[in-house]
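S.K.: Input: one structure, supplied below.
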Amino acid sequence: MDEEIRITTPKVTKEEHDLELTLRPKTLDDFIGQEKLKQNLRIFIESAKKRKVSLDHCLFSGPPGTGKTTLANIVANEFKTNIKMTSGPVLEKTGDLAAILTNLNLQDVFFIDEIHRMNHIVEEALYPVMEEFKMDIVVGQGPNAKIVRLPISKFTLVGATTRSGLLSAPFRSRFGIVENLGFYTTEELQKIILRTAKILNIEIDSSQASYEIALRSRGTPRIAIRLLNRVRDFAVVKTNGKIGVEIVKQTMDSLGIDNFGLDPMDRKILLTIIEKFNGGPVGIETISVAINEEVDTISDVYEPYLIQSGFLQRTPRGRVVTELGYKHLGLKFSKSQQDFFKW
């Protein structure tokens, strides 16, 4: 199944890229949610400002669409410096890295998205840069080759990852600030929806309407904004652009999104485990074959929210649908599954 056409995919689509730039908070005060992280980051930034040094290198981990890129931009805005942005898979050679690093200034931010997918040779080239702000470049070939050490301005590397466990221990240890972004509460998402509606001049006639959208947003701001835009489309055609509770529910029914934010593919995963594998345990590779979906897509996109919501459990023996998952689908929790969880 193509993630680009899933209404609840947490990954940004090409059409949404420019919109996100418009809606993205510029300061920590504008950033909604992740209160403990913001509190810590504010102190770290203020300390670096007073000491007139660059912020320690930061690693932000968490599900897609929860604000990692936004925080990188906020760090640059707080220091009133520039930000250079790239992604792990793009940095294939050390030359690519050198071209960026040699153009950085003091307190600039170098942001690497999907940093866990970076070439290990490029990763190792970053080690002396992160520690000593010097980069070793090999000039020439064969016996005439020599190493030239280039000085690099003291910048802040900000890495974003959805799979922090894939980072090597030596690389991870070089980040002075390591923070995890979790899913957002319904109330936080409601505030984000109301803020977005105000920026985009979308009329929502009650707080209940925004709450209903937030309830189905899978704890992810990006999905909340996307759903708001789809509800607006329905409202423009059916209610002269005014969003109320009924048009929200009508939109969600048409999109196949239930009260917990589960879409048809989420329900297909749960039903496949229940109907074909007696509720589990079953390995993720087997699930992948059964629903014709990539293993990485299941583990990175679908599983986090299903597990967070309590519908799915990851065990050493495989994936298991919980009693809550059965109830959500209107199915009876089998005795064999009750015995498994007791065991």
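The sequence shown begins at -8 in this note's numbering and counts up by one.
Heads up, the beta-carbon is just placed ideally off N, CA and C, and yes, glycines get one too.
Pull up the distance between the alpha-carbon of residue 119 and that of residue 302, whole angstroms please.
M.R.: Cα-Cα distance, rounded: 44 angstroms.
S.K.: Along the chain, where does the alpha helix (DSSP H) containing residue 25 start, and where does it finish?
M.R.: Note, residue 25: premise wrong, no alpha helix (DSSP H); not H, not E.
S.K.: Give the secondary structure of residue 82 by DSSP, where H, G and I count as helix, E and B as strand, and everything else as coil.
M.R.: Correct three-state label for residue 82: coil.
S.K.: So within the stretch 17 to 73, which uninterrupted beta strand (DSSP E) runs reach at least 3 residues, ignoring any that extend past its ends?
M.R.: Correct list: 49 to 52.
S.K.: Could you tell me the alpha carbon to alpha carbon distance between residue 297 and residue 94, rounded to whole angstroms?
M.R.: Those two C-alpha atoms are separated by around 43 angstroms.
S.K.: Name the DSSP beta bridge partners of residue 76, please?
M.R.: According to DSSP, which records beta bridges pairwise, residue 76 is partnered with 102.
S.K.: When you compare the CB positions of residue 216 and residue 187, do they come within less than 8 angstroms of one another, or not?
M.R.: Closer than 8 angstroms, so yes.
S.K.: Runs of 3 residues minimum, wholly inside the stretch 196 to 266: which ones carry the beta strand (DSSP E) assignment?
M.R.: For the stretch 196 to 266, not a single whole beta strand (DSSP E) run of length 3 or above is found.
S.K.: If I measure Cβ to Cβ from residue 158 and keep anything under 6 angstroms in the same chain, skipping five residues before and after, which residues do I get?
M.R.: Taken in chain order, the residues that qualify are 107.
S.K.: Rounded to whole angstroms, how far is the Cβ of residue 75 from the Cβ of residue 91, which I believe are closer than 8 angstroms?
M.R.: The pair is a contact, with the Cβ atoms about 5 angstroms apart (cut-off 8 angstroms).
S.K.: Candidates 128, 142 and 143: which alpha carbon is nearest residue 136's?
M.R.: The residue with the shortest Cα to Cα distance from residue 136 is 128.
S.K.: How do the stretch 76 to 87 and the stretch 34 to 47 stand: do at least 3 beta-carbon pairs fall below 8 angstroms, yes or no?
M.R.: No: the two stretches stay apart, fewer than three of their Cβ pairs being nearer than 8 angstroms.
S.K.: According to the Cβ coordinates, are residue 311 and residue 274 closer than 8 angstroms?
M.R.: Contact flag unset, no.
S.K.: Give me the residue from 168, 25 and 203 with the minimum Cα distance to residue 175.
M.R.: Among 168, 25 and 203, the Cα nearest to that of residue 175 is on 25.
S.K.: Considering only residues of the same chain and omitting the five flanking positions on each side of residue 28, which have a CB-CB separation below 6 angstroms?
M.R.: Only 170 meet the Cβ criterion.
S.K.: From the DSSP output, which residues share a beta bridge with residue 121?
M.R.: Its beta-bridge partners do not exist; DSSP assigns none.
S.K.: Of the residues 71, 18 and 73, which one's Cα is nearest the Cα of residue 58?
M.R.: Minimum Cα distance to residue 58 is reached at 18.
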